[in-house]
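Chains as they are written, first to last, in our numbering: chain A, 1188 to 1592; chain B, 124 to 277. Every residue, glycine too, gets a C-beta built ideally from N, C-alpha and C. Computed from a predicted structure; not experimentally measured.
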Amino acid sequence: MDTKDIKSKFPIFRNKVNGKQLVYLDSANSSQKPKTVIDRISKFYSKEFSNVGRSVHSLAVTATNRFEETRDLMQKYVNAKSREEIVFTKNATEAINLVASTYGEKFIESGDEILITELEHHANYVPWHFIREKKGAIIKFAKCNERGEVDIDEIKKLVTNKTKIIAVTHISNVTGAIMPIKKIVDLASQKKIPVLVDGCQGAPHVKVDMQELGCDFYAISCHKMYGPTGVGILYAKKKWLDILPPYQGGGGMIDQVNKDNISFPGSPTKYEAGTLQTAEVVGFSESIKFIEDVGIKNIMKHEKEILEYGLEKIKKNNSVKIIGEPKNRGSIISFTIKGIHPHDIATILDEDGVAIRAGHHCCQILHDKMGLAASARASLGIYNSKEDIDILSNAIKKCNKIFNN
Amino acid sequence: MDIKELYQEIILDHGKNPRNKNICKDFNKDAKGHNPLCGDKVHIYLKLDNEKKLANISFEGEGCAISMASASIMTEIIKGKEFNVAKKIQEDFLNMIKKGSKLSMNSLSDTENTTMMSLSGVKRFPMRVKCATLAWHTFLEAVKGSKKIVNTEN
C-alpha cells in the first residue's frame, strides 16, 4: 500500500505539530478524516440540508435519501440481513447503553448474571453496572490471562443458567487481543444467550460480517472509522429490535400519539428519537466508501505489516515493556518504559510530533489487574507507515535519554 | 521550545529521589488529591503547630515526574515555615505556573527560588499544569482540614 498516497487524502497531515511532521498513532482513540468526508459534510450543508424524515419539500426528500443511503452502505459493510438492523446512535457508547437499558429493563431480573471480561472498555461495563444497580443483577468478569487475552474456556466456566447476556469487546483497546467472537457466539447460542460485541476496535480494522460472527448486537464508533464524531451504529438482529422497548422518547420515533396512549413504529425508527447528527451521518457514507475503495483486506494486510514492524522495533529497546502478547493482535501496541510515567512519555513524544495516548484508556479494571496506573499506547490506522514507527522508536529513545536510563 | 526546559535536572532529580516521601509520624492534618483522568494521586500529611507553623510536611503518591517532583519541591520549600508564608509561596507558585508571573517572595533563598522556578516550564504545556498544581492545592485543603478529594483536572 502506498501510504504517501493515503496520507495525501487526509488534510491533517499537511499541518506541522510542534514544527514537526505529524505522526498520528492515536487512531484507537479517534481516527483522522479523509478530505472526501470533510467535503461531503460541507456540501451537504451548502446544497442539500434539511431535517430528515419529516417534511415533504424537495430538500427534505434529498436529505432523507442521503441519510438513508448511509444506512444501506452500513448494512452492506457489516453484512446485516436488512437495513432495519442498522440503528444510528450518537456513539458506540450510546449503542451499548441502548442495549443495556432496553434489554436489561425487559429481560434482566434480580440475581441474573451479565457476563463481561476484564478487557472491557468502561463503555461496556458502566452501562451494565447501571442495570446491576437497578435490577440487583450480578456482573461476572471473565479473566484475562498473562498474554492479555481472554480464553474461551474462561468464558465457558462462567456461563450458568442465570447468564442473561454476554457482552465482550471484539478487539481489546489496550492489549490488542482479538476475541474469539465466533466461538463465544457458538457457546452462547447453545444456551440461547444473546451476545453483544463492542466493535469499536473491530469495524475500522478487520472484516466484520454479521452473518459470519453471528452475534446479536454489534456496536460501532464512526469517528474511529475515519468518519465524523457524534455518530455511532448499533447493529442488532431484527428479532431483538422487534421486541425490545424504545430507548429514548421524542419526535420521530412515534406511530400514534394521543392523550391516553402512544404507539411506536418498527425499527430503526423506534430507536432514533429526535434529530440525529444528520450531516455527520451523510458524511460517514464517504468513510465507508473510502474504506471500501482501499479494501478491508488491504487495510488488514497493511496494518499487520506495520504492527509487526513496530513490535519488533520497539521490543529491541530493553527499557520498553509491551503490554500483552496475544496470539491474534489488532493494530495496538500498549507499552511502559521503565522509570518513566506514561504522561511524561506522551509529552516528550508530542514534542517530536508523535501523537500517542497515555492513561488507562478507559480500562481501569485491566490496568488494576496489571498493577499499572497508566500505560502508553500507540495505535495504528490506514495512514501509518514504517517511517512513522521509526520516528516513534527514536522518540522513545529520546525519553530514555532525558530520563538518563 | 526544547523539551528539556520542562524536564530540567532539578525536576528529574526530585522525580527520581523525592524528598519527604513518607507519612510523617507527627502529622495532625492530611488531605488527598486525585486526578482521575490521568491517574495522578497525592496524599499530603502535615503538622501545624500551635504557632501556626508547618513543623513537618510529607507526602505519598504516584504519578508522572512533574506531579511527583512538584510535591517533593513543595514539601522541601514550605517545611518549617509559618503557614501564612507557605500560603503566599503557594499563591506565587500558582501564578508562575498559570500566568507566567515572576516569583514575588523576597524571603526565599536563592536555592529555594531556583528550585521553584525549575517548574516554570510547565506553563508552556497546558495539559501538564494540572500535574504540577495538584500537591499545592491539596496542601491548602489539608490545612483547612477538608475531607474533600482535590482534583485539578476541572
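Helix, strand or coil at residue i [DSSP, three-state]
{"i": "T1356 of chain A", "result": "strand"}
{"i": "Q1551 of chain A", "result": "helix"}
{"i": "H1392 of chain A", "result": "coil"}
{"i": "K253 of chain B", "result": "helix"}
{"i": "F1197 of chain A", "result": "coil"}
{"i": "N277 of chain B", "result": "coil"}
{"i": "Y1232 of chain A", "result": "helix"}
{"i": "D149 of chain B", "result": "coil"}
{"i": "Q131 of chain B", "result": "coil"}
{"i": "G156 of chain B", "result": "strand"}
{"i": "V1372 of chain A", "result": "helix"}
{"i": "A1561 of chain A", "result": "coil"}
{"i": "T1362 of chain A", "result": "coil"}
{"i": "T1523 of chain A", "result": "strand"}
{"i": "V1224 of chain A", "result": "helix"}
{"i": "R1516 of chain A", "result": "strand"}
{"i": "S1245 of chain A", "result": "helix"}
{"i": "A1250 of chain A", "result": "helix"}
Whether residue i touches residue j by CB criterion (7 angstroms)
{"i": "L1431 of chain A", "j": "V1274 of chain A", "result": "no"}
{"i": "A255 of chain B", "j": "S193 of chain B", "result": "yes"}
{"i": "G1568 of chain A", "j": "S1214 of chain A", "result": "yes"}
{"i": "H1410 of chain A", "j": "G1386 of chain A", "result": "no"}
{"i": "I180 of chain B", "j": "L169 of chain B", "result": "yes"}
{"i": "N1311 of chain A", "j": "A1354 of chain A", "result": "yes"}
{"i": "G1401 of chain A", "j": "Q1464 of chain A", "result": "no"}
{"i": "A1267 of chain A", "j": "M1397 of chain A", "result": "yes"}
{"i": "A1560 of chain A", "j": "G162 of chain B", "result": "yes"}
Cβ neighbour criterion (16 or more within 10 Å) applied to residue i
{"i": "N1202 of chain A", "result": "exposed"}
{"i": "M250 of chain B", "result": "exposed"}
{"i": "V1239 of chain A", "result": "buried"}
{"i": "S227 of chain B", "result": "exposed"}
{"i": "P141 of chain B", "result": "buried"}
{"i": "F1317 of chain A", "result": "exposed"}
{"i": "S1562 of chain A", "result": "buried"}
{"i": "N1571 of chain A", "result": "buried"}
{"i": "H1489 of chain A", "result": "buried"}
{"i": "K1369 of chain A", "result": "exposed"}
{"i": "G1511 of chain A", "result": "buried"}
{"i": "L1246 of chain A", "result": "exposed"}
{"i": "S1455 of chain A", "result": "This sequence places Pro at residue 1455 of chain A; Ser is not what is there. Answer is buried; the Cβ neighbour count reaches 16."}
{"i": "R247 of chain B", "result": "exposed"}
{"i": "I1532 of chain A", "result": "buried"}
{"i": "H1244 of chain A", "result": "exposed"}
{"i": "L1383 of chain A", "result": "buried"}
Residues of its chain near residue i, where Cβ-Cβ distance is below 8 angstroms and the 5 sequence neighbours each way are ignored
{"i": "R1319 of chain A", "result": "I1301, I1325, I1326"}
{"i": "I1228 of chain A", "result": "P1415, A1466, E1467, V1469, G1470"}
{"i": "L135 of chain B", "result": "A188, A192"}
{"i": "K1222 of chain A", "result": "K1196, F1197, P1198"}
{"i": "I1509 of chain A", "result": "L1498, I1501, K1502, I1520, S1521, F1522"}
{"i": "S269 of chain B", "result": "A154"}
{"i": "K204 of chain B", "result": "K176, L177, I212"}
Cβ-based neighbour list, residue i, same chain, cut-off 7 angstroms, excluding 5 preceding and 5 following
{"i": "S224 of chain B", "result": "N218"}
{"i": "F216 of chain B", "result": "M239, W259"}
{"i": "A1545 of chain A", "result": "P1529, H1530, I1532, A1533, A1561, A1563"}
Cut-off 6 angstroms between Cβ atoms - residues of its own chain near residue i, not counting five sequence neighbours on either side
{"i": "G1437 of chain A", "result": "A1460, G1461"}
{"i": "I1601 of chain A", "result": "Since the first residue of chain A shown is 1188 and the last is 1592, residue 1601 of chain A is not available in this structure."}
Problem set entry | Runs of alpha helix (DSSP H) wholly within the stretch 1420-1481 of chain A (minimum 4 residues, chain order) | 1425-1430, 1465-1481
Exercise. Can you list, in chain order, the stretches of the beta strand (DSSP E) that have 3 or more residues and sit fully within the stretch 177-242 of chain B?
Worked result: 177-185
Problem set entry | Minimum length 3: unbroken beta strand (DSSP E) runs contained in the stretch 1263-1330 of chain A | 1273-1276, 1300-1304, 1325-1329
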